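In the order they appear, the protein sequences are chains A and B.
The first sequence begins at 1 in the numbering used here and counts up by one.
The second sequence begins at 1 in the numbering used here and counts up by one.
To start, the structure under review is shown below, and the notes come after it.
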Amino acid sequence: MFSGVDLTDTAELAAYRSKVRAWLEANKTHAPTQKIGVHVAGIEPWRAWQRRLAEAGLVGVTWPREHGGQSGSMIEQAVVNSELDRAGVPGALDIIGVGNLAPTVIAHGTEAQKERYLRPLLRGDEIWCQLFSEPAAGSDLAGIRTRATKTQTGWRINGQKVWTTNAQHAAFGLLLTRTDVDVPKHRGLTMFIVPMDAPGVMVRPLRQLTGVAAFNEVFLDDVELDDGLRVGEPGEGWTVALTCLMYERLNLLTMLDQLGWQPEQFVQPIKENLQRADLRQRLAGVIVDMLAVRYSGYRALSKVAHGELPGPEAGLGKITIVDAATRGAQVVAEALGPSSLDGDWGFLLGDMQGLRSGGGTDEIVLTTIGERVLGLPPEPRVDKTAPFRELAS
Amino acid sequence: MNFELGPDERLLTEAVREALSRTDTLAAMRRALDGGEPIDLWKEAVRGEWTEIRDLLHAVLVLIECGRRLAPTGLVGHLTATIAILKDGKERAAYVPKGHHDFVPDAAEAEVLLVEFPDGLRLVKGAPVKRVGRYDPSRPLGSVEISGEGTRVDGDPRFAWNVMQTLLAAETLGAAEAALELAVAHAKQRKAFGRAIGSFQAIKHQLTDLLRLNENARSLLYFAAYAAQNEPQRFGLAANAARFAAEQAADAGTRRNIAVHGGLGVTWEHDAHLYFRRAQLSRLLLGGQTEAGERVVEHVLG
């Protein structure tokens with residue numbers, strides 16, 4: 001008996017897959033035709049597509065039924081995503097909201113919040129953004145400085161967020177703030193929902209080295225929030241943020257077909273230009289890495305399917321894929337010549353340099369996994385026990 | 001869908017680890033480097049019934065453990081021949097691919113050689129084999145002198161090649177994983193500047209990056225085991241990718257292991273150089289990492 005690794009569908013999953021495939025076949029003419037990326041300017045066709053997908057039960061598959069989801073498994077979500085990829089159409093517009101932010105609200109929010117926010121988010125009627133990183137706090141996320149101070153009716157917010165994808169389209173943001181500077185930094189944080197049209201919220205696009213403005217700066221200037229917008233208890237913001245980051249890792253695992261670039265993508269454009277042995281060797285390294293990320297992803301997804309949480313080691317895949325895509329674009333550029341940089345390959349090459357830091361720098365990923373998985377001792381730190389007030393300068 | 005090891009596989013790994021721990025294989029390798037007789041753990045493999053494994057994933061798991069201990073079991077050659085072609089073959093076998101008669105894994109000890117000729121496969125007995133590979137005596141390698149004799153056997157030599165690449169990759173990964181374990185253990189207990197050196201990012205990041213390389217190779221080995229059974233048209237891609245990744249991981253891992261140990265790592269008494277030798281010779285065998293890379297590209301070109 002073959003008890004080991006197996007990527008074939010069970011009978012139920014195969015039935016689910018063919019149902020999804022048939023629906024996509026019948027509906028894919030409604031999908032947006034413009035070039036697909038996380039960052040697009042004209043979002044309305046994509047928003048309509050998300051609504052259609054949501055009505056068919058193909059968005060937020062793992063969400064509980066009571067909130068409009070299917071109470072499905074991660075594997076089913078992965079099946080939906082791979083069928084979307086196969087059909088050549090995009091999935092939901094607001095993957096950050098659907099995948100990471102809403103599940104965080106489901107885990108830590110009040111009943112009233114779930115009732116109010118989840119269904120419009122699922123349908124794409126209201127897009128969300130994640131307001132965590134700041135100019136002075138990225139890898140050291142718990143070092144954020146945006147302040148929330150108590151008022152008579154709620155909270156007043158002052159500070160600045162940055163690298164915020166979709167802020168220009170968003171109706172709401174999940175906002176990490178500091179509410180207490182007299183306790184160590186991880187304990188003085190509180191999470192809020194902020195309406196992006198609230199007075200005092202200003203969004204400014206940030207143009208990147210690719211030339212495209214994919215993300216934004218968000219300024220918060222005396223923004224007044226009702227206490228009903230708080231997610232989790234005051235001081236529990238770090239736990240809420242970790243939930244969100246855990247879902248980010250989980251969701252990446254369901255998107256292996258979309259995110260793991262296909263090796264063919266780097267081979268086909270240069271198949272007539274591979275006379276040089278050194279280029280072939282470098283290309284082999286790129287292909288091997290891309291395959292490795294995909295099959296490592298299946299391993300992690302299997303763990304999740306067995307009820308385990310995805311470990312921090314899932315982050316290693318991002319290091320591999322960014323490095324491999326960079327090397328792959330360079331190989332292609334070498335084979336095709338300098339003019340290739342003026343087009344897609346130059347864009348990809350630049351884009352990867354941003355992704356190297358996005359969602360956790362290589363360095364913070366290596367530190368975290370070195371400590372949690374290999375059990376290497378932490379660096380001596382002064383910031384874990386001292387009140388935040390004494391650290392901020 | 002399942003792409004992680006289950007209880008059966010973990011049990012098998014434990015059993016092999018336990019059985020191999022009864023022999024000090026590293027001390028034996030060091031003695032062999034000094035001119036002593038190399039050991040041979042074939043009997044241990046027979047006792048554990050590893051020689052009868054025909055499931056490629058199980059063979060991979062056994063060879064990872066053999067690689068971890070640098071244990072010479074004869075299994076790369078034997079399991080290549082039996083899994084790919086001979087199926088119920090009982091004699092100790094080794095596989096000799098076309099054009100690779102030098103440095104053939106496990107050929108010197110085999111009772112029977114399965115040889116790939118331009119016109120097909122033949123079983124050959126009594127061919128002269130010289131033991132080679134003094135650089136790493138923990139892995140039995142033979143230089144084979146082939147005459148045209150032998151009994152014809154049906155089978156697909158390309159499939160056999162891919163099985164062999166997979167098994168070599170598994171054995172190499174075992175060495176890479178062992179080297180990382182040594183390095184991590186040292187980095188946790190060795191103090192410098194008042195703290196364990198593993199707390200310094202310069203060390204921590206290097207070691208975690210090795211974990212990345214090892215896990216990548218392991219995932220590709222599972223892919224190869226899966227493809228052999230379920231996606232035969234992708235088996236060649238998977239096997240050669242696994243080989244490429246494993247050699248890369250072992251080269252990096254065994255060198256960094258020496259470096260993390262500082263001066264200690266370059267002494268004869270320390271085990272670090274044993275793993276380093278294994279990696280350096282391994283990456284040259286049967287076309288090595290380079291030919292594996294060539295084949296990976298060929299497969300994607302289609």
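Heads up, the beta-carbon is just placed ideally off N, CA and C, and yes, glycines get one too.
The structure presented is a predicted model; accordingly, all values stated were derived computationally and were not measured.
Contacts that residue i makes with chain B (C-beta to C-beta distance below 7 angstroms)
i	result
Lys303 (chain A)	Glu4
Ile319 (chain A)	Arg212
Tyr298 (chain A)	Phe3
Ala15 (chain A)	None at all; the shortest Cβ gap to chain B is about 14 angstroms.
Ala292 (chain A)	Asn216, Ser219, Leu220, Ala245
Span separating the alpha-carbon of residue i from that of residue j
i	j	result
Leu13 (chain A)	Arg356 (chain A)	35 angstroms
Glu379 (chain A)	Asp140 (chain A)	14 angstroms
Glu394 (chain A)	Phe223 (chain B)	The first residue shown for chain A is 1 and the last is 393, placing residue 394 (chain A) beyond what the model contains.
Arg47 (chain A)	Arg123 (chain A)	8 angstroms
Ala178 (chain B)	Asp85 (chain A)	39 angstroms
Glu313 (chain A)	Glu363 (chain A)	13 angstroms
Glu109 (chain B)	Val76 (chain B)	12 angstroms
Asp323 (chain A)	Val288 (chain A)	12 angstroms
Ser133 (chain A)	Ala107 (chain A)	21 angstroms
Leu220 (chain A)	Val304 (chain A)	37 angstroms
Ile36 (chain A)	Val61 (chain A)	Per-residue confidence for Ile36 (chain A) stands at a pLDDT of 48, beneath the threshold of 50, marking its modelled position as unreliable; no derived number is given.
Pro235 (chain B)	Ile319 (chain A)	Per the sequence shown, the amino acid found at residue 235 (chain B) is Phe instead of Pro. Using only the alpha carbons, I get a separation of about 26 angstroms.
Asp342 (chain A)	Ile270 (chain A)	16 angstroms
Asp119 (chain B)	Lys87 (chain B)	21 angstroms
Met191 (chain A)	Phe200 (chain B)	33 angstroms
Thr25 (chain B)	Ala202 (chain B)	32 angstroms
Val297 (chain B)	Ala284 (chain A)	6 angstroms
Ala54 (chain A)	Ile193 (chain A)	23 angstroms
Asp271 (chain B)	Arg22 (chain B)	17 angstroms
Glu37 (chain B)	Phe266 (chain A)	50 angstroms
Phe276 (chain B)	Arg255 (chain B)	6 angstroms
Arg190 (chain B)	Leu182 (chain B)	12 angstroms
Gln281 (chain A)	Arg295 (chain B)	10 angstroms
Ala137 (chain A)	Ala56 (chain A)	40 angstroms
Tyr298 (chain A)	Thr254 (chain A)	9 angstroms
Pro338 (chain A)	Ala225 (chain B)	41 angstroms
Pro205 (chain A)	Trp163 (chain A)	9 angstroms
Asp40 (chain B)	Leu20 (chain B)	12 angstroms
Thr151 (chain B)	Ser219 (chain B)	38 angstroms
Under 9 angstroms from the C-beta of residue i: neighbouring residues of chain A
i	result
Val260 (chain B)	Here the premise fails: no neighbours, minimum Cβ distance about 11 angstroms.
His205 (chain B)	Asp362, Glu363, Leu366, Thr367, Gly370
Asp88 (chain B)	Simply none; closest approach about 18 angstroms.
Integer-rounded CB distance, given that residue j should sit under 8 angstroms from residue i
i	j	result
Pro310 (chain A)	Arg249 (chain A)	5 angstroms
Gly265 (chain B)	Asn257 (chain B)	7 angstroms
Leu167 (chain B)	Leu376 (chain A)	Rounded, the Cβ-Cβ distance is 32 angstroms, inconsistent with contact.
Trp49 (chain A)	Ala78 (chain A)	Incorrect: roughly 20 angstroms between the Cβ atoms, too far for contact.
Ala292 (chain A)	Asn216 (chain B)	4 angstroms
Phe3 (chain B)	Val5 (chain A)	5 angstroms
Arg147 (chain A)	Thr177 (chain A)	7 angstroms
Gly228 (chain A)	Thr179 (chain A)	At roughly 16 angstroms, the Cβ-Cβ gap does not stay under 8 angstroms, so Gly228 (chain A) and Thr179 (chain A) are not in contact.
Partner residues on chain B for residue i, Cβ-Cβ distance less than 8 angstroms
i	result
Lys271 (chain A)	Leu301
Tyr295 (chain A)	Phe3, Ser219, Leu220, Tyr222, Phe223
Arg381 (chain A)	Correct list: empty, because the minimum Cβ distance to chain B is about 10 angstroms.
Arg280 (chain A)	Gly293, Glu294, Val297
7 angstroms Cβ cut-off: residues of chain A touching residue i
i	result
Ala196 (chain B)	Pro377
Asp209 (chain B)	Leu366
Beta-carbon neighbours of residue i, restricted to chain A and to distances below 8 angstroms
i	result
Ser199 (chain B)	Leu376, Pro377, Pro378, Glu379, Pro380
Thr290 (chain B)	Gln281
Proximal residues of chain B, C-beta to C-beta of residue i below 9 angstroms
i	result
Leu316 (chain A)	Thr208, Asp209, Leu211, Arg212, Glu215, Asn216
Count the CB pairs spanning the stretch 239-255 of chain B and the stretch 267-285 of chain B that are closer than 8 angstroms, and state whether there are at least three. yes
Would you check if the stretch 99-115 of chain B and the stretch 138-149 of chain B touch, i.e. whether three or more CB-CB distances between them fall below 8 angstroms? yes
Would the stretch 301-309 of chain A count as touching the stretch 226-243 of chain A if we require 3 or more Cβ pairs under 8 angstroms? no
Short-range partners of chain A found in the stretch 162-192 of chain B, where Cβ spacing is below 9 angstroms: Leu180, Val184, Ala187, Lys188
Could you check whether the stretch 324-331 of chain A touches the stretch 346-354 of chain A, counting it as contact only if at least three pairs of C-beta atoms, one from each stretch, sit closer than 8 angstroms? yes
Per the contact definition of three or more C-beta pairs closer than 8 angstroms, is the stretch 155-165 of chain B in contact with the stretch 77-93 of chain B? yes
Taking three-plus beta-carbon pairs below 8 angstroms as touching, is the stretch 218-234 of chain A in contact with the stretch 150-168 of chain A? yes
Taking contact to mean 3 or more Cβ pairs, one atom from each stretch, closer than 8 angstroms, check whether the stretch 85-105 of chain B and the stretch 143-152 of chain B are in contact. yes
Would you check if there are 3 or more beta carbon pairs closer than 8 angstroms linking the stretch 174-188 of chain B to the stretch 58-67 of chain B? yes
Residues of the stretch 236-266 of chain B with Cβ closer than 9 angstroms to any Cβ of chain A, in chain order: Leu237, Ala238, Asn240, Ala241, Ala242, Phe244, Ala245, Gln248
For the stretch 91-99 of chain A against the stretch 113-127 of chain A, do three or more pairs of beta-carbon atoms, one drawn from each stretch, fall closer than 8 angstroms, so that the two count as touching? yes
Interface residues of the stretch 270-289 of chain B facing chain A [CB-CB below 8 angstroms]: none
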